[in-house]
Amino acid sequence: MSAEAVPVTSMPVRMAMSVAGGLIAGVAFIALNSWFATSTGMDPFAPFKMIATLAQGPPPESGTVWIGMAIHLVLSILFGILFAAITQGWAGGRTVAALGLLYGGVLYVINFQVLSRFVEYWSAFHTSANQPFELAAHLVFGAVLALFLIPFGRYLQPRTNAE
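For the sequence shown, my numbering begins at -16 and goes up steadily by one.
Rendered as structure tokens:
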């Protein structure tokens, strides 16, 4: 018998885990946003209406909830896949966790501070959202995504083969 290092996760498995991780992180993100909306006297579906403005344009109050849900789910999956691709070479759990927080922060800056200032349809993300809360929600998204992918970041595991 000899021990050899073999990949723990193949690309299809890592892809599936990144899709699932994006969905789970997206659910955590939208749950926080819906809770915050409710706690401030808004409709719990207000976050979905705001997200719907990406396709329908402002104002957020006229957004269609199911369109916002669809956009949110697709973006969560795409952001999960992108994070998995970026962190593919990083095996350490602490490193991936830190990268998850950084990734969430970068998503916040791009979406809420850059695009929302220059794309008229997305202006509600800059003018209507509670910016400190949105930063925190994006950090949670990145952290949950990273925690979901950390077990799959260990690329090599000894396996004994019978000769």
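Ideal Cβ positions, reconstructed from N, Cα and C, are used throughout, including at glycine.
Select from the options the residue whose C-alpha is nearest the C-alpha of residue i.
i, options, result
"Phe124", "Asn16, Val(-4), Met(-2), Ala(-1)", "Asn16"
"Thr154", "Val79, Gln96, Leu122, His121", "This structure gives no information on residue 154, because the portion of the chain shown stretches from -16 to 146."
"Pro41", "Ala112, Leu128, Glu103, Gln114", "Glu103"
"Leu128", "Ser45, Leu65, Phe31, Gln39", "Leu65"
"Ser106", "Ser22, Ala38, Ala3", "Ala38"
Within 10 Å of its beta-carbon, does residue i have 16 or more other beta-carbons around it, so buried, or fewer, so exposed?
i, result
"Arg100", "exposed"
"Arg142", "Residue placement at Arg142 is poorly supported in this model, since its pLDDT is 45, which falls under 50; the coordinates still yield a value, given next. Result: exposed."
"Ala35", "buried"
"Leu82", "buried"
"Ile13", "buried"
"Met25", "exposed"
"Ile133", "buried"
"Ser59", "buried"
"Gly46", "buried"
"Met33", "buried"
What is the DSSP secondary structure of residue i, reduced to helix, strand or coil?
i, result
"Met25", "coil"
"Gly149", "Residue 149 falls outside the range modelled here, since the chain spans only -16 to 146, and no answer is possible."
"Ala(-12)", "The predicted position of Ala(-12) is uncertain, since its pLDDT is 44 and thus under 50; no value can be drawn from it."
"Leu130", "helix"
"Pro(-5)", "helix"
"Gly63", "helix"
"Pro141", "In this predicted model, Pro141 has a pLDDT of only 41, less than 50, meaning its place in the structure is not dependable; the value taken from the coordinates is given anyway. It is a strand residue."
"Glu146", "Reliability fails at Glu146, whose pLDDT of 47 lies under 50, so the model's placement of it is uncertain and no value is given."
Ranges of the alpha helix (DSSP H) found wholly within the stretch 33 to 59, counting only runs of at least 4: none
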